[in-house]
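Heads up: the sequence shown is residues 361 to 1161, going by my numbering. Remarks on the structure that follows.
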Amino acid sequence: MKNIHKLFTTLACISLLFCFPLTTNASEESEAIGAAAWEINGVSMNHQSVTFNIENVRQPQDAILVVSEERGDKIEIPFSIKSAVERITVAYPDGGWFTDGLYYVWVRDLEGNRCDSCFVHFWPHEMSLRYVNAYPCYLTGETRYLNADITATIGFEEYKAEIQNDGTFILRYPRLEPGIYISVTSTDGYGCSSTSRYAIEDKFISWPSVTVFREGIALDGHHLSSDERVCAEVDGVLYYSDYGVSCPYLETKPIITYPLTTAETVTVWTESACGSISKKITRTVEDCALDTCSYSSDALYKKGVYPSKAFGTVKPNVCGQVPCKVSTTIGGTVYSANINPASGSYVLEYPRQKHGTSITLTFSDAHGCSCPLKYKVTNEFHEWNLYSSSILPSRITTTLPLGGRIVAEVNGKVYKSNTAASANASVTVKYPQQALGSKIKAWLESDNSSFTNPQQYVVQIQPYEINAFAKTTSIDGGIFLHSYYDNEPFSGSVYVEIAGKRYPCKVAKLNYESKERYKYEHEEDSYETLYPGYSVKYKFQGSFPKAQPDTLLKVVLTDNYGYTFTKSVRIKNQPPKLRVNKVTSDSTKITGSTSAKSGSLIEIWIGKKKYTTKVKKGGSFSKKIKPQKAGKSVDVWVTDKNNNYNCKFLRIKQATGKITLKGKIYQSSSSISMSITNGKKGERLKLSVGFKTYSKKLKSGKKRQNIQISLNPKASAGTVIKAVLYDKFGKRKGSAQTKVYIGDTIYTGMSAHDAQLTTWGAPVRKNDWGGGYLQWVYRSGGSTLYVYIQNGRVVSMQRFS
361 MKNIHKLFTT
371 LACISLLFCF
381 PLTTNASEES
391 EAIGAAAWEI
401 NGVSMNHQSV
411 TFNIENVRQP
421 QDAILVVSEE
431 RGDKIEIPFS
441 IKSAVERITV
451 AYPDGGWFTD
461 GLYYVWVRDL
471 EGNRCDSCFV
481 HFWPHEMSLR
491 YVNAYPCYLT
501 GETRYLNADI
511 TATIGFEEYK
521 AEIQNDGTFI
531 LRYPRLEPGI
541 YISVTSTDGY
551 GCSSTSRYAI
561 EDKFISWPSV
571 TVFREGIALD
581 GHHLSSDERV
591 CAEVDGVLYY
601 SDYGVSCPYL
611 ETKPIITYPL
621 TTAETVTVWT
631 ESACGSISKK
641 ITRTVEDCAL
651 DTCSYSSDAL
661 YKKGVYPSKA
671 FGTVKPNVCG
681 QVPCKVSTTI
691 GGTVYSANIN
701 PASGSYVLEY
711 PRQKHGTSIT
721 LTFSDAHGCS
731 CPLKYKVTNE
741 FHEWNLYSSS
751 ILPSRITTTL
761 PLGGRIVAEV
771 NGKVYKSNTA
781 ASANASVTVK
791 YPQQALGSKI
801 KAWLESDNSS
811 FTNPQQYVVQ
821 IQPYEINAFA
831 KTTSIDGGIF
841 LHSYYDNEPF
851 SGSVYVEIAG
861 KRYPCKVAKL
871 NYESKERYKY
881 EHEEDSYETL
891 YPGYSVKYKF
901 QGSFPKAQPD
911 TLLKVVLTDN
921 YGYTFTKSVR
931 IKNQPPKLRV
941 NKVTSDSTKI
951 TGSTSAKSGS
961 LIEIWIGKKK
971 YTTKVKKGGS
981 FSKKIKPQKA
991 GKSVDVWVTD
1001 KNNNYNCKFL
1011 RIKQATGKIT
1021 LKGKIYQSSS
1031 SISMSITNGK
1041 KGERLKLSVG
1051 FKTYSKKLKS
1061 GKKRQNIQIS
1071 LNPKASAGTV
1081 IKAVLYDKFG
1091 KRKGSAQTKV
1101 YIGDTIYTGM
1111 SAHDAQLTTW
1121 GAPVRKNDWG
1131 GGYLQWVYRS
1141 GGSTLYVYIQ
1151 NGRVVSMQRF
1161 S
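Set out below in structure tokens:
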């Protein structure tokens, strides 16, 4: 039972202060000299020192503190005063201390003058302990004083507690039986102390679930307290687990190991670091739990039983138990193999068994414990067959499980592939290249003894296709892989052969997600897939000396399996861009531009006449020619430095000119002035005035020129005037037409006929309002003119703006 002691709330080392001056007469204070004028207050004490306030000191000086016990004993302690008002602490001299009781305190100067005294009541410390628990090997609790000495005397030995910074402590001693009382003393070293008695109690100890094996003890789904451990006596020797071991629920964890024992029972118990011990129990030694070992895969083979081999790895269970041998009985014969003690792996061989046959593997250890496990024989290739699509002219490629390989027989010779190094690994068997339609015998086998029966296959798939674009100095193409093999990486070479010479090409993987593949996948100007069943996955590029367009070259692909594929490609003309400016019957040169580089050849054919020139820097070209008749054909050819060519076929357009008749022509006009644009020297202008024609030859080639022709006789109103310009070939270039006017004004009395020969011309509308009156409506700019006609003459007008 725990002892609960009374708790005191009195604070440690606190003293009560009562100060009374010996006299309070004002006249006496005024007459006081030296220490008699000083005043002390705020006095407190502890075991080692006195602290107080001193006031009214006139100058720094040395003084003496006098502490007097109630019974009359005095202690004088010298100190120094440095200011008029100061709080001072003085220590007990020579390492002594004050005991509890009533004290009088005053100060005197070196001349013997003293101030009024105060008295202080110094109470003793409360040294009792709290939260004490007494166990067989140690006692724990809590103290208010970190510097306290907590001790217990057992027999003739004194044992001292260890106190932590938070006030908790532990007092260790030799193990005591429960029920014994122990006295514990707590003292501060200055005469304050407290002594209490406590009864030793046993701590509650849980009994964990354990399993005892021949080489150790395992904890079953239990958690020990941090100060508890499991103990065992095996063949007269004591063994202990670590303190505080734990094991998750429904799991087992080894906590004690010892040499192999042949004993049938082992004594186990639990003990606490505090000295409490549980009841000792005798447990039966059980067989090794080999069924809890891990029968899993190793680095090379899956766990399982195959037609003539069983592979696997055995790992120890949580108690470290592991079998050392595996065996099976077939047809009365035992077949066995040792288990590698370092890796736990094993390989057991036996006569070939059919797929699905039941077989028992028995795992046993060195001292007779065993674990039988039942399996069914697995032939991994039980339902496997090679696809006919995987039979290629020079190889067979497929994916196989770990340890699998392909075997092929060609012309009586056997070829084997590499062994699959991982699950679903790609393997390939190579053999001399065979023609399409050739027969090959092939089958599968595995390191784990799985197999298929040999079958005969026919070579019927070509693995590659090529689509290439050849220019005069380079080639760019895509390599297509058959859909059955488009996931295989291509490894090989490509070269171009021209006139018996070979030129290597660079091969690179194509970004299938990009649009780059589109130029290889379709025929030019077609959306149809070029090679159904194939995917373009690689591209190649190469260069060679300049060749002529339409030359036939050969592309040769050879893969790392030795297979060779050949494709013929014709060099395609890559026409440079060509633009020819308009050519008219006036043109004296042909100009244009091209994307061909500077120095490329330009050939111009006009009829049978050939003109040549070179492309200038920037791509322009120009060649002088004689003016040609409209309709004549012109052929312009450009040939770049790589022999690529382009041409434009055009016809000479009729040149045009513009005739502008200046001003209005009236019946009184004696001449006509004209402006001619784009007229050429030597061209002829014809002017028709009614039935009379005037002709004049141009004497200037200016862009714009003025011509004046005199009229004889003058033209009558309403006469049509027409001017036409003809080039040197007699072709019409331009024309203009007008008529002769009476004047600009319509007036009253003018005939209706003459009104229409003015510059107002014909009315925009004629209205017949009845009664012999006609209304003609004219519009000019923003003005509207109403003319009223009666009996064929103008009788009145109205004008509105």
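Even for Gly, the Cβ is constructed at its ideal location relative to N, Cα and C.
- Between the alpha carbons of L579 and W629 lies a gap of roughly 12 Å.
- Fewer than three Cβ pairs drawn from the segment 895-910 and the segment 730-739 lie within less than 8 Å of each other, which leaves the two stretches out of contact.
- The alpha-carbon of T644 is positioned some 13 Å away from that of D595.
- Assigned with DSSP and collapsed to three states, D919 falls in strand.
- Between M405 and V467 a beta carbon distance of about 15 Å is seen, past the 8 Å cut, so the two are scored as non-contacting.
- If you draw a straight line from the Cα of I821 to the Cα of Y666, it comes to about 34 Å.
- Relative to the Cα of T1119, the nearest Cα in the group V1137, I1025, P1073 belongs to I1025.
- The three-state secondary structure of H1113, taken from DSSP, is helix.
- Residue state for K875 is assigned as helix, using DSSP reduced to three classes.
- Look at P676 here: in three-state DSSP terms it is coil, with no helix or strand label.
- Look at D454 here: in three-state DSSP terms it is helix.
- By the Cβ rule, the segment 486-500 counts as touching the segment 528-536, because three or more pairs are nearer than 8 Å.
- Within the segment 1012-1077, the complete beta strand (DSSP E) segments at least 3 residues long are 1018-1021, 1031-1037, 1044-1049, 1052-1057, 1064-1070, listed from N- to C-terminus.
- Of the other Cβ atoms in all chains shown, fewer than 16 fall within 10 Å of the Cβ of A868; this residue is therefore exposed.
- Nearest in C-alpha terms to Q421, of all of G432, K442, G551, is K442.
- The DSSP-derived three-state label of G838 is strand.
- With a cutoff of 8 Å on beta-carbon distance, T788 and F904 are scored as not near each other.
- Burial check for I393: the Cβ neighbour count within 10 Å stays below 16, so the residue is exposed.
- Between the C-alpha atoms of G549 and A633 there is a straight-line separation of about 31 Å.
- A1083 and K949 have their alpha carbons spaced roughly 29 Å apart.
- Under the three-state reduction of DSSP, E415 is assigned to strand.
- Taking C-beta atoms as the reference points, K1126 and Y1086 fail to come closer than 8 Å.
- DSSP places Y618 outside both helix and strand once states are collapsed to three, so it counts as coil.
- In terms of CA proximity to T555, S543 leads the group E561, S543, F564, K563.
- With three or more CB-CB distances shorter than 8 Å, the segment 426-435 counts as touching the segment 453-463.
- The C-alpha of K1001 is placed about 11 Å away from the C-alpha of Q908.
- Burial is judged here by how many other beta carbons sit within 10 angstroms of a residue's own beta carbon; S945 has at least 16 and is buried.
- DSSP places S903 in the strand class (E or B) of the three-state scheme.
- Apart from the 5 residues on each side of it in sequence, C684 sits with its Cβ closer than 7 Å to the Cβ of N698, I699, P701, D725, A726 in its chain, given in chain order.
- M405: member of the beta strand (DSSP E) spanning 399-405, first to last residue.
- Look at G967 here: in three-state DSSP terms it is coil, with no helix or strand label.
- Bounds of the beta strand (DSSP E) holding D509 are 509-514.
- Cβ-Cβ distances below 6 Å link Q934 to K831, N1004 in the same chain, with the five nearest sequence neighbours on each side left out; the list follows chain order.
- The C-beta separation of V767 from I800 comes to about 11 Å, leaving the pair out of contact by the 8 Å criterion.
- Under a 10 Å Cβ-count criterion, Y817 is classified as buried, with 16 or more other Cβ atoms of the shown protein chains found around its own Cβ.
- Taking the CA atoms as reference points, S705 sits about 6 Å from V674.
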